[in-house]
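Written below as structure tokens is the structure these notes are about.
Residue numbers (my numbering), protein chains in the order written: chain A, 77 to 358; chain B, 77 to 358.
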């Protein structure tokens, strides 16, 4: 099987760079006329998968909105993950998991193991405990042709104090936390002429210069890019926002598309996909 | 209802400071003669709860080992959380969740809402996206008399590069990431003569001085202290390790007790509880 990075590069070519964030938020369930239950979240998400299939190449279920409903929510999520993968979509579980030792290994096992009930194609993880703490997850991803996206510079304003802090020791002393993560990930994607399988999250609302993040460390790294739509960034600005590594971005939209409702979602996605493709082709 | 901090202080007085980490790791399931399934994890954990009830005051299920088994694992976890709370134990869900906006709010809802299937007394969270990103979780905890423990200085060696990075901006410029989190939490526990409900995680293997963490910012903050036992720290050293704020620690042991097996666990816990109590009374 091709690696996650290879499958992602293929998806970019055939279906573009847009990703639908599947967020069964209570207010969206209400707008869609669905109950605020695990069943409502399942119905919502399956309709979202149906609209995404054949329209875009990537979906990103937000795990928190399923966890809210406990084990019933997780059963709904299992169904959504399976249907999305069966429909040929690349599925990124937006879980932001992180821990140490055998605990973080168990998270990797949950999301990145073929045949696991929660199997996805990739997951998001957090390196508060160091990129080194994620070693087992990255190794599992590689062994199973899965992907990992490590939070680097996120799109919320409260994040900057931590993410712009400067490393005080080690080889990357003087680098920001976000830029050091980007740099450590760069070493994990050594093949410069194709996209690697270890990605980073860099929000579209982030000023990369302010974080000391430079394009030369992102040449073969997939970039999960939230922050488009309701959070403020515009898809047509993607080339300016990501510069020479804009071809590596997965531009994620959630509410900005989901608010179109079950009936309008496919058209909304198609319009946004084309808008993004046109901007990236400029 | 008394606040989480008040209930914790009462637990310290009546049952001591030891916490049993419930880690249904596959190798422990095997040692206990249980299958490596959701049912095995449930049985393991219910026996652990039974041994803990009346022996110690606090348990900390590691969510990753349930998530491994998908929705069936979550159903097992729901049962374990409910039985532990019904047995009068304070239950800390070791989830290390973190996100922004309505996503992180959904995590707070999942774990800290009375009547929710995953209801616990407290949860661990990660502030990679900033302490400010956790505002909704902290507010929910406060409204529901629940607790939150924010990762500050964790017990794994790979963590130090991130956690000792120095803030470059804001009021706490020049402070380490870990010390700034401790300081921000201090402001959330303003009542100096009693324990607050927002805690931090500071591993027993961490050199607090190296992280710039000082006791004067921890006077009313509960400290979740992993790293005892197999990770290297000794319970009898707790007073030296935590200094004047040792009375605020929840000393967590997992494998070091669980390896005693279902039959030996209660005695192992009793011995470790007494060893810790004696050390803290010195």
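Beta carbons: idealized from backbone N, C-alpha and C, even for Gly. In this text the structure is predicted, and so the values were computed from the model without any measurement.
The distance from the Cβ of residue 301(B) to that of residue 278(B) is about 6 Å, consistent with a contact at the 8 Å cut-off.
In this structure, residue 275(B) and residue 224(B) form a Cβ contact; the two beta carbons are roughly 7 Å apart against a cut-off of 8 Å. Interface annotation, residue 105(B): not in contact with chain A, CB-CB separation never under 9 Å.
CA-CA distance, residue 248(A) to residue 305(B), rounds to 32 Å.
The beta-carbon of residue 259(A) is placed no less than 9 Å from the nearest beta-carbon of chain B.
By the Cβ rule, the segment 255 to 271 of chain B does not count as touching the segment 206 to 225 of chain A, because fewer than three pairs are nearer than 8 Å. When C-alpha distances from residue 320(A) are compared across 179(A), 155(A), 289(A), 170(A), the shortest belongs to 289(A). Taking 9 Å as the threshold, the shortest C-beta distance from residue 212(A) to chain B does not fall below it. Across the segment 302 to 324 of chain A, no CB contact with chain B closer than 8 Å is found for any residue. At least one beta carbon of chain A lies nearer than 9 Å to the beta carbon of residue 173(B). Looking at 116(B), 97(B), 98(B), the one whose alpha-carbon comes closest to that of residue 106(B) is 116(B). Residue 261(B) sits in a helix when the DSSP states are folded into three classes. Secondary structure note for residue 103(B): its alpha helix (DSSP H) is the uninterrupted segment 102 to 107. Secondary structure note for residue 97(A): its beta strand (DSSP E) is the uninterrupted segment 94 to 98. Of all alpha-carbon atoms in 197(B), 98(B), 338(B), 297(B), the one lying nearest the alpha-carbon of residue 268(B) is that of 297(B). By the CB criterion at 9 Å, residue 127(B) and residue 331(B) fall outside the cutoff. With distances taken between CA atoms, residue 144(A) lies nearest to 187(B) out of 212(B), 187(B), 213(B).
For the C-beta of residue 113(A), not a single chain B residue is nearer than 7 Å; the gap to the nearest is close to 12 Å. The contact set of residue 119(A) on chain B, defined by CB atoms closer than 9 Å, is empty, because the minimum CB distance reaches about 17 Å. Taking a Cβ-Cβ threshold of 7 Å, the residues of chain B close to residue 209(A) are 232, 234, 235, in chain order. Interface with chain B (9 Å Cβ-Cβ cutoff): residue 248(A) is included.
Residue burial annotation: residue 316(B) is exposed, with fewer than 16 other C-beta atoms found within 10 angstroms of its C-beta. The shortest CA-to-CA distance from residue 142(B) to any of 131(B), 81(B), 194(B) is the one to 194(B).
Judged by their CB atoms, residue 282(B) and residue 231(B) are nearer to each other than the 9 Å cut-off. A direct Cα-to-Cα measurement between residue 131(B) and residue 347(B) gives close to 10 Å. For residue 168(A), the uninterrupted beta strand (DSSP E) run begins and ends at 166 to 173, by DSSP.
Positions of the beta strand (DSSP E) runs, each at least 3 residues long and wholly inside the segment 179 to 238 of chain A, are given as 198 to 201, 223 to 229 in order along the chain. Identification of residues in the segment 189 to 209 of chain A having a C-beta nearer than 8 Å to some C-beta of chain B yields 192, 193, 194, 202, 203, 204, 205, 206, 207, 208, 209, given in sequence order.
In the three-state reduction of the DSSP assignment, residue 132(B) falls in the strand class, which pools E and B. Take the alpha-carbon of residue 172(A) and the one of residue 181(B): they are about 14 Å apart. The beta carbon of residue 178(B) lies closer than 6 Å to none in the same chain, with the five residues before and after it left out. Pairing residue 243(B) with residue 238(A), the inter-Cα distance amounts to about 7 Å. Among the residues facing chain B, residue 141(A) is included, as its CB has a counterpart in that chain under 9 Å away. Beta-bridge annotation (DSSP): residue 325(B) is paired with 299(B). The beta carbon of residue 113(A) sits closer than 7 Å to those of 145, all from its chain and outside the five residues before and after it, given in chain order. For residue 304(A), DSSP records a beta bridge to 309(A).
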